[in-house]
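Here is the structure we will look at, set down as C-alpha cells.
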Amino acid sequence: MELTPNEIDVVEDAGMLDGNPVKLIRTKGGFWIACGKPRGKYKDEALSAGSHPAIVKYNLERAFPSFQPAMMKSELLSENVKVEKHSHFLSDSLRKSGHDIYSVESSGKIEFQITKQNAKVYSVESEIKDGALVFGEINVGKEFTRALAGATSEKVLEHKMKIKIGK
Amino acid sequence: MSDKKGVGVPSDYKKEAHNKFDVLWKVKIKGRKLLADDIPLHCSLRVFDDLPKEDMNKVKEKIEEFGVHTPDSKKLTFKPIIFHSKQTHRDYYMLKISGMDGACDKFFEYFKKDYGFSHPKFMAHITIDKALYDDINKDGLKPDEIEFDDLTIEEGAGNTIHDFENLEKGFKHVGAALGIATSLAGSPTQTPKMDKPPMQTKPQSQYNSKRMLASIADVESSKGKNENYPAVGGIHHGESAVGRYGLMPNTIRETVHMNRDLKSKYGKALNLKGDDMRRYIHDNPDFENAVAEHHLKRLEHHFGQNPSKLGYAWLEGIRGTYNAEKHKKDIENHWHAKKIRDAYNREK
Chain A
94 MELTPNEIDV
104 VEDAGMLDGN
114 PVKLIRTKGG
124 FWIACGKPRG
134 KYKDEALSAG
144 SHPAIVKYNL
154 ERAFPSFQPA
164 MMKSELLSEN
174 VKVEKHSHFL
184 SDSLRKSGHD
194 IYSVESSGKI
204 EFQITKQNAK
214 VYSVESEIKD
224 GALVFGEINV
234 GKEFTRALAG
244 ATSEKVLEHK
254 MKIKIGK
Chain B
359 MSDKKGVGVP
369 SDYKKEAHNK
379 FDVLWKVKIK
389 GRKLLADDIP
399 LHCSLRVFDD
409 LPKEDMNKVK
419 EKIEEFGVHT
429 PDSKKLTFKP
439 IIFHSKQTHR
449 DYYMLKISGM
459 DGACDKFFEY
469 FKKDYGFSHP
479 KFMAHITIDK
489 ALYDDINKDG
499 LKPDEIEFDD
509 LTIEEGAGNT
519 IHDFENLEKG
529 FKHVGAALGI
539 ATSLAGSPTQ
549 TPKMDKPPMQ
559 TKPQSQYNSK
569 RMLASIADVE
579 SSKGKNENYP
589 AVGGIHHGES
599 AVGRYGLMPN
609 TIRETVHMNR
619 DLKSKYGKAL
629 NLKGDDMRRY
639 IHDNPDFENA
649 VAEHHLKRLE
659 HHFGQNPSKL
669 GYAWLEGIRG
679 TYNAEKHKKD
689 IENHWHAKKI
699 RDAYNREK
C-alpha cells in the first residue's frame, strides 16, 4: 500500500514496537493506519488499519504483544476507550469475506461497528443511561442482526444493564 | 453404596465447594475418593471466599512457619456425627476428627478474620454423605481405611492450584541425595528430625504436561488441521467439540467457571454455545491453550500422570473414567486411550 503526502491528514506517535517508533496516520478519507518496523524487518510497513483509531490500536496490541502504546493526544485513543471484538457472532461466511464486529466504549457511549476488510460498513450508536443501553435508530443489513444482538448482549451482561430501543 | 453417593450433602455445600478457595487434604475413606459429583472427600484447614496472590503467599508462608503437615490417620480418632449449622440451619453428615496437630489451630486462628465465614474454632472434620455415615456407624472405621493425601490449595472443588507436599517431596529428594553423597564421602550423617514419617520415594516420572497436550492435539485435530467434530447428544445437547484439543463447550464453560483468572479474562465464554464458542476459541488461541492446560491439570489431579488414563478421561470425562475404573473396564486398551498413548510416545 502506498500513501502520498496529499492523502495524509494527521500523523500521531502511537508508541514503540521492539525499539522502533509506531506512527498512527489518518488519511483524508478518515481511514487510520498504524505504521512501524516489526522485529526482523528493514522497512516500515502497515501494522494495522481500520475505520476507528481505537480499533486499530486494539488489533495492533493483539498482533504485536510487545507494542508499548504512548500517551495519545486523541481522545479516541485514550485509556478510557475500551474496544472489544465480537466477531464470533458472525456467520462463517461473513467472517470468510473479511467481516468483523467491534464495540467501542467511551464516556458512557458504545458504538458497534461492523467492518469489512477493516473498512466501516455499518455503525450503530448507543448510550448508557439510567442502567440501560439505549439505542436510537438501528440500521444494519439483516445478515448482521444476529451478530449485533450477540455483541449487544455481551456488553449488556458485562455492565448488568437492560436494553432500550428508541430514545 | 455408590448409587447413593452424595445423598445428604446439601446443595449449598456443593455450591460453596465449587466456588470457594480451600486449603485442604483430600482423603480416601474405605476406598472412596469422591463425596458427590466431582467434589473429593476432604478435610478443610480453612475455606476462603477469595484468595488473591498476596493472601495465597501468606497462606504458603504460614503453612511453612507453623509446620502444618499431612496428618497420620493412625494418630487420630474419627467419629461420625450429624452437625447442625446455626449459620445455614442445615444438617451435615460429618466425620469429626480429634487429635489434629496444634499447628492446624494456629493456622486457623491466623486466618480467622477477614477471609469469609469462620467457625469460632478449628473444627477438624470431613463432610460425608449418608451412605458413608451409615456404613461407618455400622461397621466402624479402622485407621488404615482412611488416607490423607497431600495438603493443597484448591480453587473450586478438585481444581488444585498449589500442592505443598510436592514441593516438600522435591526438597526431601534433594536432602536424600545430599545424605547419600555425604555418607559415600565417609562423613557421619545425622537423620533430620521430622514430625512426619518419611515419605516413600517414587520413581522419577518422565511425564510432561506439554507433551501430553501436544499428543491430545495430534489425536483430536492433527494439531489443528482438522477441526470438524460431530455433534454430541446427551449432556452436550447437540454441541460439537471445538478447537485443536477437541474440547467440548461444556468442559470449556466448566473450566472457566472454576478458574478465577480465566473467568476474569474470558468470562464472556460462559455464555457462548455451539458455533459461537467454536469461533471464539478460534479467535482466542491463548484462551484455548489456557483452558486445555487447566483441564489437563484437573484430570492429572484425578487420575495421575498416566497418558492412557488421561487419554480416556479426555474423551469420557472425570465421572466416566471413575465409572470405568469402578466397573474394571480395560482402559489401557480403549481405542482413544491407545491413540493418545501412541501419540504421547511419538511426541518429543
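Those protein sequence lines, which keep their order, are chains A and B.
For the first sequence, the residue numbers in our numbering are 94 to 260.
For the second sequence, the residue numbers in our numbering are 359 to 706.
Where is the CB? At the ideal position from N, CA and C, for every residue including glycine.
Rounded to whole angstroms, the separation of the alpha carbons of glycine 243 (chain A) and leucine 250 (chain A) is 11 Å. Of all alpha-carbon atoms in B:Ala701, B:Phe645, B:Asp634, the one lying nearest the alpha-carbon of aspartate 185 (chain A) is that of B:Asp634. Under the DSSP assignment, valine 176 (chain A) falls outside any alpha helix (DSSP H), being part of the beta strand (DSSP E) whose first and last residues are 175-178.
Per DSSP, the beta bridge partners of glycine 143 (chain A) are A:Trp125.
With a beta-carbon spacing of about 23 Å, isoleucine 421 (chain B) and phenylalanine 436 (chain B) fall beyond the 8 Å limit used to define contacts. Across the structure, alanine 701 (chain B) and alanine 695 (chain B) are spaced so that their CA atoms are roughly 10 Å apart.
Valine 103 (chain A) is classed as exposed because its beta carbon has fewer than 16 other beta carbons within 10 Å across all chains shown.
The beta carbons of tyrosine 491 (chain B) and proline 410 (chain B) sit no closer together than 7 Å. Among the bridge pairs identified by DSSP, aspartate 380 (chain B) is matched with B:Val405, B:Glu512. Neighbours of tyrosine 638 (chain B) in chain A, taken as residues whose beta carbon is under 7 Å from its own, are His181 in chain order. In this structure, phenylalanine 406 (chain B) places its C-beta atom within 7 Å of the C-beta atom of glycine 474 (chain B). Using beta-carbon distances, glutamate 204 (chain A) does not count as an interface residue toward chain B, since no partner is under 7 Å. Closer than 7 Å to the CB of aspartate 634 (chain B) there is at least one CB belonging to chain A.
Taking a C-beta distance under 7 Å as the contact criterion, isoleucine 194 (chain A) and histidine 181 (chain A) do not qualify as a contact pair.
For asparagine 691 (chain B), no alpha helix (DSSP H) run applies, since DSSP gives it neither H nor E.
In the structure shown, the three-state DSSP call for lysine 655 (chain B) is helix. Between lysine 130 (chain A) and asparagine 152 (chain A), the CB-CB gap reaches or exceeds 7 Å. Remark: C-beta atoms of valine 233 (chain A) and leucine 241 (chain A) approach each other more closely than 7 Å. The beta carbon of lysine 623 (chain B) sits no closer than 7 Å to any beta carbon of chain A. With fewer than 16 other beta carbons inside 10 angstroms of its own, histidine 447 (chain B) counts as exposed. In the structure shown, glutamate 95 (chain A) falls within a coil segment according to DSSP collapsed to helix, strand and coil. One thing to note: lysine 213 (chain A) has its Cβ no nearer than 7 Å to the Cβ of serine 141 (chain A).
A distance below 7 Å separates the beta carbons of glutamate 646 (chain B) and glycine 601 (chain B). Annotated as distal: serine 159 (chain A) and glutamate 177 (chain A), with beta-carbon spacing of 7 Å or more. A distance below 6 Å between beta-carbons, with the five flanking residues on each side excluded, links isoleucine 511 (chain B) to the following residues of its chain, in chain order: Val381, Ile519, His520. The C-beta distance from alanine 575 (chain B) to tyrosine 603 (chain B) rounds to 5 Å, short enough to fall under 8 Å. Check the Cα spacing between glycine 675 (chain B) and each of B:Asn642, B:Arg699, B:His653, B:Lys444: the tightest is with B:His653.
In the structure shown, threonine 435 (chain B) falls within a strand segment according to DSSP collapsed to helix, strand and coil.
Judged by DSSP secondary structure, methionine 635 (chain B) falls within the alpha helix (DSSP H) whose first and last residues are 632-641. Serine 598 (chain B) and tyrosine 587 (chain B) do touch by the CB rule: their CB atoms are close to 4 Å apart, below 8 Å. Residues of the same chain with a CB within less than 6 Å of the CB of isoleucine 126 (chain A), apart from the 5 flanking positions on each side, are Ile118, Ala139, Ala142 in chain order. Interface criterion met: the Cβ of glutamate 247 (chain A) is under 7 Å from a Cβ in chain B. If you ignore the 5 residues before and after methionine 109 (chain A), its C-beta comes within less than 8 Å of the C-beta of Val115, Phe160, Gln161, Ala163, all in its own chain and listed in chain order.
In the displayed model, glutamate 204 (chain A) falls within a strand according to three-state DSSP. Around the beta carbon of aspartate 688 (chain B), fewer than 16 other beta carbons lie within 10 angstroms, which makes this residue exposed. For proline 114 (chain A), the uninterrupted beta strand (DSSP E) run begins and ends at 113-120, by DSSP.
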